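Using the numbering used here, the letters of the sequence shown correspond one by one to residues -11 to 165.
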Amino acid sequence: MRVAEPPWRGAGEVMSPPGPGPEGGGPCLRSVNTRELSEVVFNNRSPRSVLPIWVDFEGRPRSYPVLQPRTGRIMHSYRGHLWLFRDAGTNDGLLVNQQELFIAAPNVTKADITLPVFTLKERCLQVVRSLVKPVDYRKLDIVRSLYEELEDHPDIRKDLQRLSLERSETLRNGILE
């Protein structure tokens, strides 16, 4: 999935700086512990069941109740809280307001959750994973490199680590004000 602009651009003041990860490895995105309420409507505009995930103050993902397709829920969050959204069935990452990461703010009242534009390869891997048991992947008559890619299931922790590294790089390059 591709996102044009870092989700934290202009939001440096509402996100904790990358610190050590929850298990001590690499930088870590985490929510800021504020008391400034941010009421937001999570709108699932996709045909998939969506798992909202709050990134806590230590950088750990915390799952919230699933949003059924084409439904919404009012969430009482706080300024600087970070949210990601996953397909509840496949764990594939979804977009929120056309970004991978949602940063709660008092002036943001909606979070529209949509499907990203998956590459053809990503979509094919999703379909094969839905049809074939993991123990049978290597029985498929496909190019060897695809075995590893099939076995590399979507993972929220890997995505958080990637987003943290991207943010660290952005900060290091002085892109944030």
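No residue lacks a Cβ here, since even glycine has one placed at the ideal position from N, Cα and C.
On a predicted model such as this, the values are computed, not experimentally measured, just so you know.
- Our two residues, L17 and P142, have alpha carbons roughly 18 Å apart in a direct line.
- R160 and I101 have their alpha carbons spaced roughly 30 Å apart.
- Here I130 carries a coil assignment [DSSP, helix/strand/coil].
- Excluding five sequence positions before and after Y66, the CB atoms of its chain that fall closer than 7 Å to its own CB belong to T22, R23, E24, L25, S26 and A92, given in chain order.
- Counting only the Cα atoms, V123 lies some 29 Å from R50.
- By alpha-carbon distance to V29, the top candidate from G162, F106, K98 and G68 is K98.
- By the Cβ neighbour-count rule, S118 is exposed, with fewer than 16 other Cβ atoms within 10 Å of its own.
- Residue pairing by DSSP puts Y66 in a beta bridge opposite L25.
- Less than 8 Å separates the beta-carbon of L82 from that of P104.
- S118 carries a helical assignment under DSSP once its states are collapsed to helix, strand and coil.
- One alpha carbon belongs to G68, the other to L151, and they sit about 16 Å apart.
- In this structure, the CA atom of R155 is about 15 Å from the CA atom of V20.
- Scanning its chain for C-beta atoms nearer than 7 Å, with the 5 sequence neighbours on each side dropped, one finds around Y135 the residues Y125 and R126, in chain order.
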